[in-house]
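Asker: Residue numbering for the sequence shown follows the working numbering, starting at 19 and increasing by one per position.
Think of the CB as a built atom: it goes at the ideal place given N, C-alpha and C, for glycine as much as any other residue.
Starting off with a structure, shown below.
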Amino acid sequence: MADWTFVCNTSDVDFEDQYRFDHNDRTYCIYHLEDGFYATDGLCTHEDIHLVDGLIDGEEIECPMHLGVFNIKTGKVVLDPPCEDLKTYNLKVEDEQIFIEL
Ligand code: FES
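Okay, structure coming up:
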């Protein structure tokens, strides 16, 4: 059964920007893309750097440390050095509030 956890309001995540969400000792990154909101683990799989400080380019997020790139929607590595994909999470928006399925 889905376990939805409130993250933030939609207005908290600017277009083409990210939002850091910390919950139960884990960090998640919420992205506002052209077609909606997406979520991945918040730390780069290379060296645990916060992706909230990275740069969004279309559907991709570039890690600020060694410029590794992941696809935000699939979590797949697009450009090394990371070799492990990011975990992605389902989101839903209700009444302008974002919930993550954990
Ligand atoms: S820490 Fe992200 S690419 Fe190295």
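Three-state secondary structure (DSSP) at residue 111?
Answerer: The count along the sequence shown starts at 1 and reaches residue 111 at position 93. If DSSP states are grouped into helix, strand and coil, residue 111 belongs with the strands.
Asker: With distances taken Cα to Cα, identify the nearest neighbour of residue 73 among 89, 29, 41.
Answerer: Along the sequence shown, read from residue 1 onward, the residue named residue 73 stands at position 55. Comparing Cα-Cα distances from residue 73 to each of 89, 29, 41, the minimum goes to 89.
Asker: So, for residue 120: in the same chain, excluding its five sequence neighbours on each side, which residues have a beta-carbon less than 6 angstroms away from its beta-carbon?
Answerer: Translated into the one-based positions of the sequence shown, residue 120 becomes position 102. Only 21, 23 meet the Cβ criterion.
Asker: Where residue 105 and residue 71 are concerned, what is the direct C-alpha to C-alpha distance, given to the nearest angstrom?
Answerer: In the sequence shown, counting from the first residue as 1, residue 105 sits at position 87. In the sequence shown, counting from the first residue as 1, residue 71 sits at position 53. Each residue's Cα considered, the two are about 18 angstroms apart.
Asker: Report the rounded CA-to-CA distance for residue 107 versus residue 115, giving the unit in angstroms.
Answerer: Against the sequence shown, residue 107 aligns to sequence position 89. Against the sequence shown, residue 115 aligns to sequence position 97. Cα to Cα, residue 107 sits roughly 16 angstroms from residue 115.
Asker: Assuming residue 81 and residue 64 form a contact by the criterion Cβ under 8 angstroms, report the distance between their Cβ atoms to the nearest whole angstrom.
Answerer: Here residue 81 corresponds to residue number 63 of the sequence shown, with the count starting at 1. Here residue 64 corresponds to residue number 46 of the sequence shown, with the count starting at 1. Yes, residue 81 and residue 64 are in contact; Cβ-Cβ is about 7 angstroms, under 8 angstroms.
Asker: Taking the alpha carbon of residue 40 as the point to measure from, which residue in 28, 60, 33 has its own alpha carbon closest?
Answerer: Stepping through the sequence shown from its first residue, residue 40 is reached at position 22. Among 28, 60, 33, the Cα nearest to that of residue 40 is on 60.
Asker: Can you grab the Cα-Cα spacing for the pair residue 103 / residue 113, in whole Å?
Answerer: In the sequence shown, counting from the first residue as 1, residue 103 sits at position 85. In the sequence shown, counting from the first residue as 1, residue 113 sits at position 95. Taking the straight line from one Cα to the other gives about 32 angstroms.
Asker: Here's the rule: buried if 16 or more other CB atoms are within 10 angstroms of the residue's CB, otherwise exposed. What is residue 101?
Answerer: As a position in the sequence shown, residue 101 is number 83, starting the count at 1. Label assigned to residue 101: exposed.
Asker: Of all the CB atoms in chain B, is at least one closer than 8 angstroms to the CB of residue 38?
Answerer: You won't find chain B in this structure, because it holds only one protein chain.
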